[in-house]
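Participant: Just so you know, the sequences run in chain order A and B.
Using our numbering, the letters of the first sequence correspond one by one to residues 9 to 235.
Using our numbering, the letters of the second sequence correspond one by one to residues 218 to 299.
Note that CB positions come from ideal geometry on N, CA and C, so glycine has one too.
This structure is in structure tokens; I'll ask about it shortly.
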Amino acid sequence: MKVGVVVFPGSNCDRDALHAARLAGAEAELLWHDDPDLRGADAVILPGGFAHGDYLRSGAIARFSPIMGAVREHAARGGLVLGICNGFQVLTEAGLLPGALLRNASLRFEHGWVDVLAERTDTPFTAHVPAGGVLRMPIAHGEGCYFLPDDELDALESRGQVLFRYAASSNRNGSLRDVAGVISERGNVAGLMPHPERAAERLLGSDDGMLLMRSLVESVARTGVAA
Amino acid sequence: MSAWRFAVSVMPRPGILDPQGRAVESALPQLDAASVHGVRVGRRIELTVEAGSEGEARAVVERLATDLLANPLVEDWQVALL
Chain A
9 MKVGVVVFPG
19 SNCDRDALHA
29 ARLAGAEAEL
39 LWHDDPDLRG
49 ADAVILPGGF
59 AHGDYLRSGA
69 IARFSPIMGA
79 VREHAARGGL
89 VLGICNGFQV
99 LTEAGLLPGA
109 LLRNASLRFE
119 HGWVDVLAER
129 TDTPFTAHVP
139 AGGVLRMPIA
149 HGEGCYFLPD
159 DELDALESRG
169 QVLFRYAASS
179 NRNGSLRDVA
189 GVISERGNVA
199 GLMPHPERAA
209 ERLLGSDDGM
219 LLMRSLVESV
229 ARTGVAA
Chain B
218 MSAWRFAVSV
228 MPRPGILDPQ
238 GRAVESALPQ
248 LDAASVHGVR
258 VGRRIELTVE
268 AGSEGEARAV
278 VERLATDLLA
288 NPLVEDWQVA
298 LL
């Protein structure tokens, strides 16, 4: 089981994601954005950071990196893709996940610990999360305000595609309906603004993020979805 | 082949929260401009296209506007020939 962590120019959580994937028991490798090859990765993580300086819009330029063609094909085959923070922004820009992440309504770069509820525990990303459990993970972003037109948000909710919501008082970016993360209709592409890889060990303040990392790694090991 | 230079204006769509516009507006009372409101902040991108005709050049810019320069879910764009 191998996890590929994509490095864009400006990614800064790539090594944390690599470390967390290894802690979860996976082989893990960094993948350079300019190389259109997943090098046999069974699952792909698009990490946090500021890809291409976040110029134009967060994720707008990264979407056209050569590796994104391979990521798109991997997703089309049913392969797992997880976007964290900036990686979530890249996935929405690429059209692999619905919605857009706008500048925080607070006018501030928001950072700190938040509580997040997993709406579903029947996905490859959340299988290890106890039902009704609250995950404590950090956020660190200037553009995390989840937006989707009202009617589309209704449809998204009714299809069970809201994967994570901020718990009371944890929605610090103004996301509509407290959406912190979403999942594709097919259930193999997910993105969230909080950082599971920064909550990978107790020493860091929480190891709740490992519930997600272990879910991802073990789902692939179990189902053997190949790249 | 000739070259045409365009400006693409990208603005947040009506109804989309515009924290940048709000931040600018919050400074206006200090400038004795409290009567000014409705501030929206967008961006302007200028570019030159080589093509056989203005129409052809404009079509290229419109494709770029939709695919890259603006996010149609939250932004509107306009193209003007300079």
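Drop a sphere of 10 angstroms on the beta-carbon of Asp62 (chain A), count the other beta-carbons inside from all chains shown, and report buried for 16 or more, exposed for fewer.
Facilitator: Its Cβ being crowded by 16 or more others within 10 Å, Asp62 (chain A) is buried.
Participant: What did DSSP end up calling Val13 (chain A) once you bin it into helix, strand or coil?
Facilitator: Strand.
Participant: Counting only Cβ-Cβ distances shorter than 9 angstroms, please list the residues of the stretch 177 to 204 of chain A near chain B, keeping chain order.
Facilitator: From the stretch 177 to 204 of chain A, only Gly182 have a Cβ closer than 9 angstroms to chain B.
Participant: So for Gln97 (chain A), helix, strand or coil by DSSP?
Facilitator: Residue state, collapsed to three classes: helix.
Participant: Do you know offhand how far Phe155 (chain A)'s Cα is from Ala268 (chain B)'s?
Facilitator: Going by the C-alpha atoms only, they are around 37 angstroms apart.
Participant: Could you pull the start and end residues of the alpha helix (DSSP H) that Gln247 (chain B) belongs to?
Facilitator: First-last for Gln247 (chain B): undefined, no H or E at that position.
Participant: Are the stretch 29 to 39 of chain A and the stretch 47 to 55 of chain A in contact at 8 angstroms, needing three or more beta carbon pairs?
Facilitator: Enough Cβ pairs lie closer than 8 angstroms, so yes.
Participant: In angstroms, rounded to a whole number, what distance separates the CA positions of Gly140 (chain A) and Ala108 (chain A)?
Facilitator: If I take the Cα positions, the gap works out to 27 angstroms.
Participant: From Leu115 (chain A) to Val241 (chain B), what distance separates their C-alpha atoms?
Facilitator: Approximately 11 angstroms, taken between the alpha carbons.
Participant: Going by alpha carbons, who is nearest to Ile233 (chain B) out of B:Leu299, B:Glu271, B:Val296 and B:Glu292?
Facilitator: Here the closest residue by C-alpha is B:Glu292.
Participant: Could you tell me which chain A residues have their CB closer than 7 angstroms to the CB of Pro246 (chain B), listed as they occur along the chain?
Facilitator: Those do not exist, as Pro246 (chain B) stays about 17 angstroms from chain A at its closest Cβ, beyond 7 angstroms.
Participant: As a quick exercise: from A:Leu46, A:Phe16 and A:Ala25, pick the residue whose alpha carbon is nearest that of Ser66 (chain A).
Facilitator: Among A:Leu46, A:Phe16 and A:Ala25, the Cα nearest to that of Ser66 (chain A) is on A:Phe16.
Participant: Below 9 angstroms between beta carbons is the criterion; list the residues of the stretch 234 to 245 of chain B that meet it against any residue of chain A, in chain order.
Facilitator: So the close ones are Leu234, Asp235, Pro236, Gln237, Arg239, Ala240 and Ser243.
Participant: If we require 4 or more residues per run, which alpha helix (DSSP H) segments fall completely within the stretch 243 to 289 of chain B?
Facilitator: Taking only runs of at least 4 residues, the alpha helix (DSSP H) segments lying wholly in the stretch 243 to 289 of chain B are 271 to 281.
Participant: Could you check if Ala235 (chain A) is buried or exposed, using at least 16 other CB atoms within 10 Å of its CB as the buried criterion?
Facilitator: Because Ala235 (chain A) carries a pLDDT of 40, less than 50, the predicted location of this residue cannot be relied on, and the following value inherits that uncertainty. Counting Cβ neighbours within 10 Å, Ala235 (chain A) comes out buried, since at least 16 surround it.
Participant: Give the interface partners of Asn112 (chain A) over in chain B, defined as CB-CB distance under 8 angstroms, in chain order.
Facilitator: Per Cβ cutoff of 8 angstroms: Pro236.
Participant: Could you work out which residue in A:His82, A:Asp24 and A:Gly18 is closest to Ala207 (chain A) when comparing CA atoms only?
Facilitator: If we check each option's Cα against that of Ala207 (chain A), A:Asp24 comes out closest.
Participant: Which one of A:Pro202, A:Arg194 and A:Asp45 has the shortest CA to CA distance from Ala175 (chain A)?
Facilitator: Comparing Cα positions, the closest option is A:Pro202.
Participant: Would you say Ile75 (chain A) and Asp43 (chain A) are within 9 angstroms of each other, going by their C-beta atoms?
Facilitator: Yes, Cβ-Cβ distance for Ile75 (chain A) and Asp43 (chain A) is below 9 angstroms.
Participant: So with Cβ pairs under 9 angstroms, would you call Leu115 (chain A) a contact of chain D?
Facilitator: Within the model displayed, chain D is absent; protein chains A and B are what it includes.
Participant: Any beta-carbon of chain A closer than 9 angstroms to the one on Val225 (chain B)?
Facilitator: Cβ-Cβ to chain A under 9 angstroms: no for Val225 (chain B).
Participant: Please identify, using Cβ separations under 9 angstroms, the residues of the stretch 65 to 95 of chain A that lie next to chain B, in order along the chain.
Facilitator: Listed by position along the chain: Arg65, Ala68, Ile69, Arg71 and Phe72.
Participant: For Arg71 (chain A) and Gln169 (chain A), I'd like the C-alpha separation in whole angstroms.
Facilitator: Those two C-alpha atoms are separated by around 22 angstroms.
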